[in-house]
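Final position of the sequence shown in this note's numbering is 942; the numbers increase by one with none missing.
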Amino acid sequence: MLDITSKIVLDEEVIKSPNLTDRFTTEELDRIGIYCAEGWRADIQSRFVWLRRNEAGMDLAMQVAREKTFPWPGASNVIFPLISIAALQFSARAYGGLITTPGLVKYDVLVGEVDEQVSARAERLGRHMTFQCLEQDTAWEEQHDRLFINLSIVGTAFIKSRYDADLRHNVGELVLARDLVVNYWTKDLASSPRISQEIEISRNEAVSLIRRGAWRDVEKEPWFTAPPPIVPDSDTNKDHRRGMDPDFRPDMDTPLQLVEQHRNIDLDCDGYAEPYIVTFDRYSSKVVRIVLNCDRVEDIERNKDDEIISIRRTEYFTKYSFIPAPDGGFYDVGFGTLMGPLNEGVNTAINQLFDAGTLSNLGGGFLGRGAKLRGGQQQWVPGRWTQVDSTGDDLRKSMVPLPTPEPSQVLFQLLGLLIEYTNLLAGSSDTVLARNPGQNTPAETSRNLMESGLQIYSTMFKRIWRSMKEEFRKYHLLNRTYLPARTTFGQGKNVITREDYLTNPDWVRPAADPNTVSKSQRLNQAMMLREASMTVSGGYNREVVERQYLSALGIQNIEEVFPGFEEIPPGEDPKVQIEKMRTEIEAQDQQLEQWKFIKEWQEAIRLNTAKIQLLEAQAAGIFADIEASKAAAARESYQAFIDGLYQHNDMLNERVRTTLEVLDRQQERKAGNGDRKAGSGKKSGSGVRSVARVSTGGSPKPSARQMASGDAGPVGIGLRGGFQD
């Protein structure tokens, strides 16, 4: 128990106070600091074994190599990137699967009647919290990107959600597991008696906090005016991972090392430990700040005797879990712990193979005294001949090479076995790693392998999804307390009020689906849902289905691309469309029949023209053999018959011309309607008119005689001459 005479009465003033250290004496503050520091050190000791395992795994993930002197100085020191590959694979899938745009947060109304007003408020809450995470807090997305990589290696990471008074909005900060000290056997954060965050802060920031009244005035205290002491860090390789010089000496610009401890401590001596946040220097245990970890008087529950029964403390930290610890500890397991021993075995096997190859290639051995060589180490240099005082036979007898076998094939096979099982542990199969599983592999087999490989990732995604849900819940509660009564967000067109957040914070969740790990899964699911909604009449909300499909495609401006079916102008009545199509088909059939008549008439003109030519040729031979008196009568008879054929051709040509003009006008009318719909106002230059010009040769109404003489083109085939008197 703390020996404190100064008692604090929990009221509105204490809750709103930025610092309570002025209510205690210096001796009492020292006792409080020592008491908190002892608890912090006890928690560090409880997780000592976990911390050592975590250090070894982090060294492997970051390829931290120590200097080797065995089997000889400069021996092979390869670190195979098994943990690094697994961490990058998980991070890439988690980032793309959980940090989705444009919708990151979704608010579901799970109980009660959902009318239009409730639905609009739920959509408004989701869009506002998405804006807070992705737009307002510019570091939120970067912090979670780092979280996914660190989480896969260490197994545990934390996000600290708080309201920043300077920025005037909520912020989410990544807190690494090594910097958040909790007793290893703690059940969860909510029931932990103390949570200690190790923080670093510059002296300039500390002075600013002092002058704002958030810190006690410690500017003249010895621990603040001197550089931090040199204390051996429990993580001996942290400097190597950070690229720091181990002989570094702190100066006045070195950040201060403090501990912000969220703990239960009885400062009013009533027997009930209230939740406080105590900030103290980690080396001197000097307290700089004490605040009550409670935001409202309503969160304090009392009995009829005005005694405190419970206090609902403010939760700042959200734990992200990778794989739960099999021993039931608070800190979970990552790839660094699971794959560390296997990765070490792979490193040993590879380095032994390299060392054996080096020894076999370079050679070496023993020289007898009979070699009579000059003293010192003898090395072979290409292109150089060394003169010795011994004969070749004596030299050969005096040199005994060291037996150096080739690299072991058994060791190579063992290496492959270790890598295979390490990949199985990480869920990194060929299909998951986007590698070709082999030639002639059926597509269904590849899909099944991919599905099986993603099962491990799916369970990890669900754990992260639950943690993100809890983080968004904290954002909801912060908005209920600190959001202005009315504010705009986005492009200034969206309005949100504090009253909107007087709703159930448990209904907010990430918009991503934890059951779909890859983009291809989400796209296939959206496509199948879209096809089902089109084949079934009714029962589906087509607008929601269409928006889910566009979101799976990765479309950003969905509201602009698809405003909704009600915003799209209604299409033409299907009955009217069918009637128009029937009319167009009938018109096309009529035009086809007219073209058939034109072809028949043109064929008749051609036959008549051939008959005319034949009759004229026959008449020329007949008239030469008969008398003049009889020739005149025969000529008149032939001429009358030929004139009848000419008149028949004129009639047929007139029918062709009239029909072509009708088709020409119909085409012009149709082209004019199409141009007016397109807004061009231009007439078409193709169609029947061009055909008519080809058919008639472009001549204005040629007669049958002109066609017979060849002036009318291909419509009428005329004669080049007539009878000669």
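Just so you know, even glycine gets a beta-carbon here, dropped at the ideal spot from N, CA and C.
- [ ] Can you grab the Cα-Cα spacing for the pair I681 / R264, in whole Å?
- [x] Taking the straight line joining both Cα atoms gives about 23 Å.
Open item on the list: Counting C-beta neighbours from all protein chains within 10 Å, is the total for A729 16 or more, i.e. buried, or is it exposed?
Closed with: buried
Task: Counted within 10 angstroms of its Cβ, other Cβ atoms place A259 as buried (16 or more) or exposed - done: exposed
- [ ] Compute the distance between the beta-carbons of D325 and V725, then report whether it is under 9 Å.
- [x] yes
- [ ] Take every Cβ of the region 363-372, pair it with every Cβ of the region 269-280, and state whether three or more of those distances are shorter than 8 Å.
- [x] yes
- [ ] Spell out the partners DSSP gives Q478 in its beta bridges.
- [x] Beta-bridge partners of Q478 (DSSP): S413, V495.
Open item on the list: Looking at the secondary structure, which residues open and close the beta strand (DSSP E) in which K323 lies?
Closed with: That run of the beta strand (DSSP E) goes 322-324.
- [ ] May I ask you to report which of helix, strand or coil DSSP gives L227?
- [x] coil
- [ ] Can you tell me which of the three DSSP states R589 falls into?
- [x] Going by the sequence as given, residue 589 is Lys instead of Arg. The DSSP-derived three-state label of K589 is coil.
TODO: Determine the direct distance from the alpha carbon of N510 to that of K233, and round the result to whole angstroms.
DONE: 10 Å
Task: Residues that DSSP places opposite L393 in a beta bridge - done: A374, per the DSSP bridge assignment.
TODO: Return yes when the Cβ of L484 is within less than 9 Å of the Cβ of I225, no when it is not.
DONE: yes
Task: 9 Å Cβ cutoff met for D362 and S308 - done: In contact: D362 and S308 (Cβ atoms closer than 9 Å).
TODO: Could you tell me whether the region 481-499 touches the region 323-343, using the rule of 3 or more Cβ pairs below 8 Å?
DONE: As far as the Cβ criterion goes, the region 481-499 does not touch the region 323-343, which means the pair count is below three.
- [ ] Spell out the partners DSSP gives M616 in its beta bridges.
- [x] L584
TODO: Could you round the C-beta distance between K503 and W440 to whole angstroms and report it? I think they count as a contact, below 8 Å.
DONE: 6 Å
TODO: Take every Cβ of the region 513-524, pair it with every Cβ of the region 541-561, and state whether three or more of those distances are shorter than 8 Å.
DONE: no
Open item on the list: Short of 6 Å in beta carbon distance, which residues of its chain neighbour R270, apart from the five on each side in sequence? Order them along the chain.
Closed with: T554
Task: Residue closest to S538, alpha-carbon to alpha-carbon, out of N367, L237, E390 - done: N367
- [ ] Tell me, please, which residues DSSP counts as bridged to T714.
- [x] R703
Task: Own chain, CB closer than 7 Å to T535, minus 5 neighbours either side, in chain order - done: F375, I376, S378, S684, E687, E688, K691
Task: 9 Å Cβ cutoff met for N640 and L393 - done: no
Task: Alpha-carbon to alpha-carbon, K589 and V605 - done: Approximately 7 Å between the Cα atoms of the pair.
TODO: Assign W602 to buried or exposed, taking buried as 16 or more other Cβ atoms, counted over all protein chains shown, within 10 Å of its Cβ.
DONE: exposed
- [ ] For K323, count neighbouring Cβ atoms within 10 angstroms of its own Cβ and tell me buried if that reaches 16, exposed if not.
- [x] buried
Task: Contact belief for S768 with G320 at Cβ below 8 Å, rounded distance in angstroms - done: 7 Å
TODO: Using the Cα positions of D647 and K792, report the straight-line distance between them to the nearest angstrom.
DONE: Unreliable positioning characterises D647 in this predicted model, as indicated by a pLDDT of 46, which lies under 50. The coordinate reading is nonetheless provided below. Approximately 56 Å between the Cα atoms of the pair.
- [ ] Use the C-beta contact count for T222: other C-beta atoms within 10 angstroms, 16 or more gives buried, fewer gives exposed.
- [x] exposed
Task: Separation of E885 from S903, as counted between CA atoms - done: Any reading at S903 needs caution, since the residue's pLDDT is 39, under 50, leaving its predicted position unreliable; the model's value is listed next. Cα to Cα, the separation comes out at about 9 Å.
Open item on the list: Going by DSSP, what residue range makes up the alpha helix (DSSP H) through F241?
Closed with: From DSSP, F241 is part of no alpha helix (DSSP H); its letter is neither H nor E.
Task: E561, enclosing alpha helix (DSSP H) - first and last residue - done: Residues 557-579.
Task: Terminal residues of the alpha helix (DSSP H) in which F348 lies - done: 333-348
Open item on the list: Taking 6 Å as the limit between beta carbons, can you name the residues of its chain near V550, skipping five residues before and five after?
Closed with: G372, I540, A542
- [ ] State whether the region 479-494 contacts the region 430-437, with contact taken as three or more CB pairs (one from each stretch) at a distance under 8 Å.
- [x] no
Task: Contact set for P624: own chain, Cβ-Cβ below 6 Å, skip 5 residues either direction - done: Only L570, A573, G574 meet the Cβ criterion.
Open item on the list: Let me confirm a value: R506 is counted as buried when at least 16 other C-beta atoms fall within 10 Å, else exposed. Which label applies?
Closed with: buried
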